[in-house]
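Chains as they are written, first to last, in my numbering: chain A, 10 to 387; chain B, 837 to 992.
Just so you know, even glycine gets a beta-carbon here, dropped at the ideal spot from N, CA and C.
Notes to accompany the following structure.
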Amino acid sequence: MKPNVPVEALHTQEMLINMGPQHPSTHGVLRVILRTDGEVVVNARPDVGYLHRGLEKIGERVTYAQFMPFTDRLDYLAAMNCNCAWAWAVENLAGIEVPERAEYIRVIVCELNRISSHLIAFGSFTADMGAFTPFLYSIREREKVNDLFEAACGNRLTYNYARVGGVSADLPQGFLEKTKEFLDYFEPKIDEYNNLISYNKIFVHRLANVAAISADNAVAYGLTGPNLRGSGVSFDLRRDEPYSVYPKLEFDVCVGTGERGVLGDCFDRYMVRINEMRQSVRILRQAVAQIPEGPVLAKVPRVFKPAAGEVYFRSECPRGETGFYIISDGTGNPSRLKIRAGSFVTMNIFETVTRGLMIADIVAVIGSFDIILPEIDR
Amino acid sequence: MEPQALFDAVKAKFGDAALELQVTGFRPAFVVVAPASIADIARFLRDDPAMRFDSLMCLSGVDYKDRFAVACHLYSMRHRHAIGLKAYLPKENPLLPSMDAVWPAANFMERETYDLFGIVFEGSKDLRRILLPEDWEGHPLRKDYKYPDFYHGIKV
């Protein structure tokens, strides 16, 4: 039967779709306003801010030490890294010397947390792509890290473990042995993940050549962490702007190679995280072997008054560079505290890279950026 | 590059627009510039072969009680050096040329500064509130901000 309307007379129109703020693939309360032409995205505009709690304003009203628990609420999947980032920033501002054992403990918990954070990134990303099993595997391994943290500080999510001048308590007896056991258990699992999903044909097809970001664009848009390295830029603050005891530890900086598609696509960003877990294992083995005995907390008064000045200090968190710009006016609390979070800056490039993709690719892009909303909204 | 040499280079190129170098107590050091020429100086810092500040790490608004400021932290991936760039703004009608054409990364940070401080970035490609609702009144990170009692009839 011939249609009684000629095909040329049919016209399509653009559609406005609201994705989120409650959508499982947006990793939190992110809202994306999609303008689509059929299944093709003409424009995807992110709308953030649903979790804004005014942490920077709170920071002006509490002392430096009191702000520590709030940093747990920045990136709750990597609270140890945020704790330590704040401690390092304040110590840099106030010129506080930290005992070496405390620095080693910080590196150990930071790298353990990097593993558990990348596990969630890996698990939730594969779940977004329609493979639920790897998510269960990653949660299984993450539980073991949580057990270690629970032994060290009593908490499983918001740790509040670091202190200005060190850490709140020494590691419990047997912690280092347990960590070694975990590393022996965990390292072969990475190959298991690769066999299970990383090189699965369907999975690769969903990610390769999607939303490729050139190295120049990645730098210009301020991407940091695995998202920057995914574009082939070999830059890691742990190596290039060293802090703590990282100069004493050997590790490689993992970069994207375009191994399944264009350099800087979703697959490269995914693969950087998988490889970084291996490097974290390497760092942990060295740190566990090298850690000296000694005190874990410098003598720092509860309320201290750093000299007036302005410091910007940044450190490498699982989701990129977390920087604290602290302005001290010589009183016991900061006069201005600016938090530079990796995920917030990453969202800036979202609208640019998603133009012309399919709707299902939007989910892949969000997953490959591994954003976390409390860090974006602060 | 040493902050002093960098400041001299900016001074040689832009004359009186380079106002001051803040070193003691500042890490990294700040080059303070006249607000009107900040975008041109930013472009110079990005493109000059000896500087190559291709990365904008952070852009923050600051309320110094008597005046506002916008502080940028720049980093060069090529030369691995950092510098701060700052412009002081008056309390009344704070205006600054936008830098999102120099570093695309500036857009979200400028929107945040506009949202929380009410500093307007002229020529920005997209200047809207970002963290707060669009109908929010006032700019919370200002020191003289008064907390509202109600929002849409709901006690806060």
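If you drop the 5 nearest sequence neighbours on each side, which residues of the same chain put their C-beta closer than 7 Å to that of A/M286?
Within the first sequence, the letter at position 277 stands for residue 286 of chain A. Counting only Cβ-Cβ distances below 7 Å, and skipping sequence neighbours, we find I124, H127 and I199.
What are the start and end residues of the alpha helix (DSSP H) that includes B/A854?
Here residue 854 of chain B is taken as the residue at index 18 of the second sequence, counted from 1. Unbroken run through B/A854 is the beta strand (DSSP E), A854 to Q858; no alpha helix (DSSP H).
Ordered along the chain, which non-local residues of its own chain (more than five positions away) have a Cβ less than 8 Å from that of B/K991?
In the second sequence, residue 991 of chain B corresponds to position 155, counting from 1. Correct list, in chain order: D985.
What are the uninterrupted segments assigned as alpha helix (DSSP H) that are 4 or more residues long and contained completely in the segment 885–959 of chain B, given in chain order?
942–953
Roughly how many angstroms lie between the CA atoms of A/V57 and A/L64, to the nearest whole one?
The sequence position of residue 57 of chain A within the first sequence is 48, counting from 1. The sequence position of residue 64 of chain A within the first sequence is 55, counting from 1. Between A/V57 and A/L64, the C-alpha separation is close to 15 Å.
How big is the Cα-Cα spacing for A/R215 and A/M138?
Along the first sequence, read from residue 1 onward, the residue named residue 215 of chain A stands at position 206. Along the first sequence, read from residue 1 onward, the residue named residue 138 of chain A stands at position 129. Distance between the alpha carbons of A/R215 and A/M138: 8 Å.
If contact is defined by three or more beta carbon pairs under 8 Å, each pair taking one atom from either stretch, is the segment 854–864 of chain B in contact with the segment 318–330 of chain A?
yes
Got a sec: which bits of the segment 243–273 of chain A sit with their beta carbon under 9 Å from any beta carbon on chain B, in order along the chain?
F244, D249 and E250
Can you confirm whether A/H127, when its beta carbon is compared against all beta carbons of chain B, has any partner nearer than 8 Å?
Taking the first residue of the first sequence as 1, we reach residue 127 of chain A at position 118. So, not an interface residue.
For the segment 315–333 of chain A, list every residue whose C-beta sits within 9 Å of some C-beta in chain B, in sequence order.
A316, A317, G318, E319, V320, Y321, F322, R323, E330 and G332
Looking at chain B, is there any beta carbon in it that lies within less than 8 Å of the beta carbon of A/H36?
Position 27 of the first sequence holds residue 36 of chain A. It does not: the Cβ of A/H36 has no partner Cβ on chain B nearer than 8 Å.
Among the candidates A/Y334, A/K189 and A/R282, whose CA atom is the shortest distance from the CA of A/S377?
Start at 1 with the first residue of the first sequence, and residue 377 of chain A comes out as number 368. With distances taken between Cα atoms, A/S377 lies closest to A/R282.
Are the C-beta of A/V118 and some C-beta of chain B separated by less than 8 Å?
By one-based count along the first sequence, residue 118 of chain A stands at place 109. So, not an interface residue.
Is there a Cβ from chain A that is less than 8 Å from the Cβ of B/G861?
For the purposes of this step, residue 861 of chain B is identified with residue 25 of the second sequence, where counting begins at 1. With 8 Å as the cut-off, B/G861 counts as an interface residue toward chain A.
With H, G and I counted as helix, E and B as strand and the rest as coil, what does DSSP make of A/D46?
On the first sequence, residue 46 of chain A is found 37 positions in, with the first residue counted as 1. Three-state result, A/D46: strand.
Can you name the residues of chain A whose CB is closer than 7 Å to the CB of B/C908?
Within the second sequence, the letter at position 72 stands for residue 908 of chain B. Residues of chain A passing the Cβ test: none, with the nearest at roughly 10 Å.
For B/F909, count the other beta carbons within 10 Å of its own beta carbon; 16 or more makes it buried, fewer makes it exposed. Which is it?
On the second sequence, residue 909 of chain B is found 73 positions in, with the first residue counted as 1. In the sequence under discussion, the amino acid at residue 909 of chain B is His, which differs from the Phe named in the question. B/H909 comes out buried.
Mind checking A/I380: buried by the 16 CB within 10 Å criterion, or exposed?
By 1-based counting over the first sequence, the position of residue 380 of chain A is 371. Burial call: buried.
Contacts around A/L366, its chain only, beta-carbon distance under 6 Å, and the 5 residues preceding and following it disregarded:
As a working mapping, residue 366 of chain A is identified with position 357 in the first sequence. Counting only Cβ-Cβ distances below 6 Å, and skipping sequence neighbours, we find V50.
According to DSSP, is B/A870 part of a helix, a strand, or is it coil?
Counted from its first residue, the second sequence places residue 870 of chain B at position 34. Coil.
Do the CB positions of A/A172 and A/L306 come within less than 8 Å of each other?
Position 163 of the first sequence, counted from the first residue, corresponds to residue 172 of chain A. Position 297 of the first sequence, counted from the first residue, corresponds to residue 306 of chain A. Checking the sequence shown, residue 172 of chain A turns out to be Arg, not Ala. Their beta carbons are under 8 Å apart, which means A/R172 touches A/L306 by this criterion.
Would you mind working out which of A/R54, A/L272, A/A298 and A/K187 sits nearest A/E360, comparing C-alpha positions?
In the first sequence, counting from the first residue as 1, residue 360 of chain A sits at position 351. Selected option, being the one with the closest Cα: A/R54.
Beta-bridge partners of A/F322, as assigned by DSSP:
Translated into positions along the first sequence, residue 322 of chain A becomes position 313. Partner(s): A/F333.
Nearest CA to the CA of A/A350: which residue from B/A941, B/I877, B/M913 and B/D962?
By one-based count along the first sequence, residue 350 of chain A stands at place 341. Ranking B/A941, B/I877, B/M913 and B/D962 by Cα distance to A/A350 puts B/A941 first.
Note down, in chain order, all residues in the segment 875–891 of chain B with a beta-carbon under 7 Å from any beta-carbon belonging to chain A.
D890 and S891
Using the Cβ count rule (16 or more neighbours within 10 Å means buried), how would you classify A/G47?
One-based indexing of the first sequence puts residue 47 of chain A at position 38. Exposed, because fewer than 16 other Cβ atoms sit within 10 Å of the Cβ of A/G47.
Check whether B/K855 and B/Q840 have beta carbons under 8 Å apart:
Here residue 855 of chain B refers to the residue found at position 19 of the second sequence. Here residue 840 of chain B refers to the residue found at position 4 of the second sequence. One point to set straight first is that residue 855 of chain B is Leu, not Lys, in the sequence displayed. No, Cβ-Cβ distance for B/L855 and B/Q840 is not below 8 Å.
A/I67 CB to nearest chain C CB: under 8 Å?
Looking for chain C here will not work: the only protein chains present are A and B.
CA-to-CA distance, A/V271 to A/R387, given in whole angstroms:
Taking the first residue of the first sequence as 1, we reach residue 387 of chain A at position 378. Taking the first residue of the first sequence as 1, we reach residue 271 of chain A at position 262. Approximately 34 Å, taken between the alpha carbons.
For B/K991: DSSP bridge partner residues:
Along the second sequence, one-based indexing puts residue 991 of chain B at 155. In DSSP, B/K991 forms a bridge with B/F986.
Apart from the five residues just before and just after A/S289, which ones in its own chain have a Cβ nearer than 6 Å to its Cβ?
Against the first sequence, residue 289 of chain A aligns to sequence position 280. E120, R123 and I124, listed in sequence order.
I'd like the list of long-range same chain contacts for A/P304, defined as Cβ closer than 8 Å, with 5 residues on each side in sequence excluded.
Taking the first residue of the first sequence as 1, we reach residue 304 of chain A at position 295. Within the same chain, A/P304 has close Cβ partners P108, R110, A111 and G175.
Return the residues of the segment 936–962 of chain B that lie within a Cβ-Cβ distance of less than 7 Å from chain A, sorted by chain order.
W939, P940, A941, N943 and F944
Please compile the residues from chain A whose C-beta is within a distance smaller than 7 Å of the C-beta of B/R916.
As a first step, residue 916 of chain B must be located in the second sequence, where it is residue number 80. Simply D249.
I want to know whether the segment 65–78 of chain A touches the segment 141–151 of chain A - three or more CB-CB distances under 8 Å.
no
DSSP puts A/N52 in a beta bridge; with which residues?
Start at 1 with the first residue of the first sequence, and residue 52 of chain A comes out as number 43. A/N52 is bridged to A/R44.
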